[in-house]
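Respectively, the protein sequence lines represent chains B and W. In terms of my numbering, the first sequence opens at residue 1 and continues consecutively. In terms of my numbering, the second sequence opens at residue 1001 and continues consecutively. Note that CB positions come from ideal geometry on N, CA and C, so glycine has one too. What follows is a short report on a single structure.
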Amino acid sequence: MTATASRPTLNVLLIADSDSQLLACEALCSAPTALNVHWTFSVIPRDGTPQALLLRLAQRGRLRHQSLAGLLRDSRLQSFDAIGVFLTGSKLNDIRLALQRERRRPLLFCGFNGVVLDHFIEGVSWRLGYDLICLSGPRDQQALAQLVAGTPFEHQRTVLTGLRRNAPNSDLLPVAQRLRRLVFAEQVIMPATSSERARVVRLLSDLARRSPNWEVLIKPRIAPGDATFHDVETHISTTLQQTLGVPPSNLRLDYRPLPVLLKQARLLATLSSTAFFDALDFGCRTIAISDLGLQPNYGCHVYAGSGVWRSLEVIPNLDALDAEGPSPDPLWLEWMGYGNQFSPSALLEALNEQKHQTPNPIPSTIGYPGNAQSSFNQLRLGAESAIASGDWSSARELLCQAALMRPLHRGVARRHWAVHQTNPLLRRIALLISYRDLK
Amino acid sequence: MTFLLISDGGMEHSACLLMAEALEHQGQRCITAGTPLLGHQPLDTPAPQLTIELAQLPAHPLLEQVSAIGLFLQNPEQIQYFIKAYQGLCSARGRPAATLFSGPLVPLVGDALIRDLSLRLGCDLLLVSGENQRRQLQSLTFNWPKSLCIPPVISTGFWFPQAAPCAPTQQPLLLALIQEQIPTHMGARDQLLRQLNSWARQRPNWTVMVQRDHSWSATTTLMPSDAPLTDNLVEAAPGQLLPLLGACTACLTVSSPWSLAAMVWGRIPIIVGDYGIHDEQNTTGFFGCGAMHRLRSIPHLDAIRELPMANQAWLDEMGADITDGPMRLLTALSELILRDEP
């Protein structure tokens, strides 16, 4: 028997759709662990998911492409020790509810993608009831504890998995030996307005002009044509052109993977991207841009405490910044969850400890419905299940609530009318006419 | 100390009036100033002593006589304009500016709280409702640089009277607080009103009153025209919000902050949970209140009597257990003035 086989084994399925969620999965399975983990990835097909990312995941485990409906019907789900769900709110609920109906089921866990800049309460309310919620660090843990104190969710289990998303590198060059290069990590909707996006481009261009012996690289969040969770109105390549016409020769876009750029660069600048922490993984110095002020909708309030919240406008040139050696405040790094004490390994250990225990049911108390059963999509899916089993009363109730949420939704109105028919033949015809395949 | 309390909405006028009364009771001098209100108002509040447009206030000679100015404006973005204009004028005239205090009257949480703070950063003192808000702000501003000048934060409780103005009526009364833009889904407000009408029809011994929580014009109708109204469903007249909150058996809303008054005064609260916990529905602030229910879980109005009261621990954290708000304000202002003395 090999050494690998003698280690405790954990079969883990990770479910994700958009690229940022797939990145979170990739970070999880990079974690060092003493366990023998078999990874399977179930990717819900979505246009524009970067192929390179899918290829990287395929190298780490088994990769499946399945629609959410197909996945929920898949009996193989029960064969895993744990299932990690990295999807948006209502889909998180769909999977939890589908699996919690079973008497024996895998452990369920979920997490957030990188630094949570906003909508934390909303995000948590979708995740409550999972066996484990992965959080980045003490900041998120404290916010969650404050939120659920004195409620039936007070005992929700969490685990800190940190913001170190990249495996340790032994081949990193010291900063002083690297190219004089600053990487700007672009975010697709932060800033959101075209004037602010143009302003950031202009600030980078001016800094590049003041630093002729440096290269300033803009790393687009996605390549043109690729997709992420948020819709992109104007790609950064267009903004660059529309703002500068002709950029300085030392400012350009670079589509190479971020780790490749960060290994070679001395500095990274960002408004509020989680790439800030990736840069630290690769030994790169970092600054967060303060020129747009304290705009909480862009997450600037989170990075204001970093100790490196700097105005590009007042930096004389990149040599001066480099000589200064900006370094984030260690207190803040720990608060955010960046440090050796926080790692996805903690999740794997917790899953291994809990895998033979019976998972706790979700607490259900009058007055605390959370977001469970409040998703429009979920109400429709629930109604379809009720229709399939001939439970007309439940179907009417669920569609009634969906109609209350979206009174002008014609599909729901038709379906609602159909289930209200008492004549079985008429109802059958109405159901056939109003049928839509809900993905 | 002489206080000037500036407000520009019904809730803000009412809160300033209460604060002025409490401060005067402590031997302080108080002047209330604000903009005139247009249209029907849910509250019957006397006009401020000085009625004036906000744009004219920074240069008003009255401001030279006051030691502290409280700014309670509906749109916190206006606070920055006032502070800039007022402090600019003081500086140009070589006069010291009065101490400025401000804060959201209603308990905000998460994104709304930090957004609000970012718009009030020029103030000398920030008022929030409860300890929950004060602690959240500590976390949200973790390690911020001194250059951002975070004002000291104190919690001063709720903006409405601590005791109900009257006892609940003998006959059961459901008060529904209708918001101007929530629920946000198109047609959802009408659907909610139809549900209330249907409940009222099923139980004629109940009275259902629909009360807007915002100002409205005499020509706008609230109820959708497609359903015949039952006799026991009534639209509230202007100025009746507080007495109706006191008189009701239960108070239903999606996320009106006035539901907190019903909770504090011991009425049965119903926060409609059908729209989920979402920032855009303002329901994130009610997470943990213990009074969130889906409409389909309430088969008829009599079932409301079985619903629980609000989670008291949550309510206290939001500010219900603070009964000495004006005293806390006075103490904090005195400390600030002492600190700033040469």
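Run the CB neighbour count on P174 (chain B), radius 10 Å, all protein chains shown included, and call it buried at 16 or more, exposed below. Counting from 1 along the first sequence, the entry for residue 174 (chain B) is found at position 174. P174 (chain B) should be labelled exposed.
Can the beta-carbon of W335 (chain B) be found less than 8 Å from the beta-carbon of P138 (chain B)? The residue given as residue 335 (chain B) occupies position 335 in the first sequence. The residue given as residue 138 (chain B) occupies position 138 in the first sequence. Yes, the pair counts as a contact, with Cβ atoms nearer than the cut-off.
Please list the partners that F1142 (chain W) has in chain B, where partner means a Cβ-to-Cβ separation under 8 Å. What you label residue 1142 (chain W) is simply residue 142 of the second sequence in a count that begins at 1. Neighbourhood of F1142 (chain W) in chain B, by CB distance below 8 Å: R139, G305, W332 and W335, in chain order.
Could you give the DSSP three-state label for A192 (chain B): helix, strand or coil? The residue labelled residue 192 (chain B) in the question sits at position 192 within the first sequence. Annotated three-state conformation of A192 (chain B) is coil, per DSSP.
Check the C-beta distance from W1199 (chain W) over to V1208 (chain W) and give it rounded, since I have them as a contact under 8 Å. In the second sequence, counting from the first residue as 1, residue 1199 (chain W) sits at position 199. In the second sequence, counting from the first residue as 1, residue 1208 (chain W) sits at position 208. Contact flag correct, Cβ pair sits at about 7 Å.
Nearest by alpha-carbon distance to P328 (chain B): which of B:D319, B:I287, B:R202 and B:G48 is it? What you label residue 328 (chain B) is simply residue 328 of the first sequence in a count that begins at 1. Sorting B:D319, B:I287, B:R202 and B:G48 by C-alpha distance to the C-alpha of P328 (chain B) places B:I287 at the top.
Whole angstroms is fine: what's the gap from P1326 (chain W)'s alpha carbon to M1019 (chain W)'s? Walking along the second sequence from the start, residue 1326 (chain W) turns up at place 326. Walking along the second sequence from the start, residue 1019 (chain W) turns up at place 19. Cα to Cα, P1326 (chain W) sits roughly 6 Å from M1019 (chain W).
With C-beta atoms as the reference, is L1121 (chain W) less than 8 Å away from L1140 (chain W)? As a first step, residue 1121 (chain W) is located in the second sequence; it is residue number 121 there, counting from the start. As a first step, residue 1140 (chain W) is located in the second sequence; it is residue number 140 there, counting from the start. Contact: no.
Bridge partners for P1269 (chain W) per DSSP, in chain order? Reading the second sequence from its first residue, position 269 is the one you call residue 1269 (chain W). Its beta-bridge partners are W:C1251.
Does chain W have any CB closer than 8 Å to the CB of G339 (chain B)? Here residue 339 (chain B) is taken as the residue at index 339 of the first sequence, counted from 1. The beta-carbon of G339 (chain B) is placed no less than 8 Å from the nearest beta-carbon of chain W.
Beta-carbon spacing of P1172 (chain W), N1205 (chain W) below 8 Å: For the purposes of this step, residue 1172 (chain W) is taken as residue 172 along the second sequence, with counting starting at 1. For the purposes of this step, residue 1205 (chain W) is taken as residue 205 along the second sequence, with counting starting at 1. It is a contact, given that the beta carbons lie within the stated cut-off.
At a CB-CB cut-off below 9 Å, which residues of chain B make contact with P1058 (chain W)? Looking up residue 1058 (chain W) in the second sequence gives position 58. Chain B residues near P1058 (chain W): none, gap ~23 Å exceeds 9 Å.
Give me the Cα-Cα distance between C990 (chain W) and Q295 (chain B), rounded to the nearest whole angstrom. Here chain W covers residues 1001 to 1342 and nothing more, so residue 990 (chain W) does not appear.
Nearest-angstrom beta carbon gap, G1288 (chain W) and T151 (chain B) [assumed within contact, 8 Å]: To locate residue 151 (chain B), count along the first sequence from 1; it is residue 151. To locate residue 1288 (chain W), count along the second sequence from 1; it is residue 288. Right, their Cβ atoms sit about 5 Å apart.
Could you confirm whether any beta carbon from chain W is found closer than 8 Å to the beta carbon of Q401 (chain B)? Looking up residue 401 (chain B) in the first sequence gives position 401. Answer yes: the Cβ-Cβ gap between Q401 (chain B) and chain W drops below 8 Å somewhere.
Mark A388 (chain B) as exposed unless 16 or more other C-beta atoms lie within 10 angstroms of its C-beta, in which case mark it buried. The residue given as residue 388 (chain B) occupies position 388 in the first sequence. Exposed: under 16 other Cβ atoms inside 10 Å.
Classification of A3 (chain B) by the beta-carbon crowding that lies within 10 angstroms, buried from 16 upward: Mapped onto the first sequence, residue 3 (chain B) falls at position 3. Bear in mind that a pLDDT of 45 at A3 (chain B), under 50, signals an unreliable position, so the number given afterwards is only what the model happens to contain. So A3 (chain B) counts as exposed.
Quick one: what does DSSP say N113 (chain B) is sitting in, helix, strand or coil? Looking up residue 113 (chain B) in the first sequence gives position 113. Three-state DSSP puts N113 (chain B) in coil, outside helix and strand.
For a quick check, are the C-beta atoms of R7 (chain B) and L28 (chain B) less than 8 Å apart? Start at 1 with the first residue of the first sequence, and residue 7 (chain B) comes out as number 7. Start at 1 with the first residue of the first sequence, and residue 28 (chain B) comes out as number 28. No, these two residues do not count as a Cβ contact at 8 Å.
Under 8 Å, with one C-beta from each stretch per pair, do the region 96 to 106 of chain B and the region 31 to 47 of chain B reach the 3-pair mark? no
Alpha carbon of V183 (chain B) to alpha carbon of A265 (chain B), nearest angstrom: Position 183 of the first sequence holds residue 183 (chain B). Position 265 of the first sequence holds residue 265 (chain B). Whole-angstrom Cα-Cα distance: 7 Å.
For G443 (chain B), which beta-bridge partners are listed by DSSP? The structure shown has nothing for residue 443 (chain B), since chain B only spans 1 to 439.
Do the region 379 to 387 of chain B and the region 1247 to 1254 of chain W touch if we need at least three Cβ pairs shorter than 8 Å? no
So is H119 (chain B) in contact with chain W if we call contact Cβ pairs under 8 Å? Sequence index remark: in the first sequence, residue 119 (chain B) carries index 119 (1-based). Output row for H119 (chain B): interface = yes.
Let's see if you can read the secondary structure: which residues bound the beta strand (DSSP E) around M1209 (chain W)? Here the question's residue 1209 (chain W) lines up with position 209 in the second sequence. Taken as a continuous stretch (DSSP letters only), the beta strand (DSSP E) holding M1209 (chain W) covers T1207 to R1212.
With a CB to CB cut of under 7 Å and the five nearest residues on each side skipped, what residues in its chain are close to P168 (chain B)? The residue you call residue 168 (chain B) lines up with position 168 of the first sequence. Excluding positions up to five away in sequence, the list is empty.
In three-state terms, what does DSSP make of M1309 (chain W)? The residue given as residue 1309 (chain W) occupies position 309 in the second sequence. The answer is coil: DSSP assigns M1309 (chain W) none of H, G, I, E or B.
Reduced DSSP secondary structure (H/G/I, E/B, other) of N360 (chain B): On the first sequence, residue 360 (chain B) is found 360 positions in, with the first residue counted as 1. Reduced to three states, the DSSP call for N360 (chain B) is coil.
Between the alpha carbons of L1330 (chain W) and Y1275 (chain W), how many angstroms are there, rounded? Position 330 of the second sequence, counted from the first residue, corresponds to residue 1330 (chain W). Position 275 of the second sequence, counted from the first residue, corresponds to residue 1275 (chain W). The alpha-carbon atoms of L1330 (chain W) and Y1275 (chain W) are separated by roughly 41 Å.
Taking 8 Å as the CB-CB cut-off, is G150 (chain B) touching chain W? Walking along the first sequence from the start, residue 150 (chain B) turns up at place 150. Answer yes: the Cβ-Cβ gap between G150 (chain B) and chain W drops below 8 Å somewhere.
Any C-beta of chain B sitting closer than 8 Å to the C-beta of D1124 (chain W)? Residue numbering aside, residue 1124 (chain W) sits at position 124 when the second sequence is read from its first letter. Judged by the 8 Å Cβ criterion, D1124 (chain W) is not in contact with chain B.
Positions along the region 1146 to 1173 of chain W whose CB lies within less than 7 Å of some CB in chain B: Residues L1148.
Cutting at 6 Å between CB atoms, please list the residues of its own chain near L443 (chain B), excluding the five before and the five after it. Given that chain B is displayed from residue 1 to residue 439, the structure contains no residue 443 (chain B) and the question cannot be resolved.
Chain B beta carbons: is any one of them nearer than 8 Å to that of I1322 (chain W)? Along the second sequence, one-based indexing puts residue 1322 (chain W) at 322. It does not: the Cβ of I1322 (chain W) has no partner Cβ on chain B nearer than 8 Å.
Beta-carbon proximity of T161 (chain B) to G111 (chain B), cut-off 8 Å: Residue mapping note: residue 161 (chain B) aligns to position 161 of the first sequence, counting from 1. Residue mapping note: residue 111 (chain B) aligns to position 111 of the first sequence, counting from 1. Yes.
Cβ-Cβ distance between D81 (chain B) and P359 (chain B) below 8 Å: As a working mapping, residue 81 (chain B) is identified with position 81 in the first sequence. As a working mapping, residue 359 (chain B) is identified with position 359 in the first sequence. No; because the gap between Cβ atoms is not below 8 Å, this pair is not in contact.
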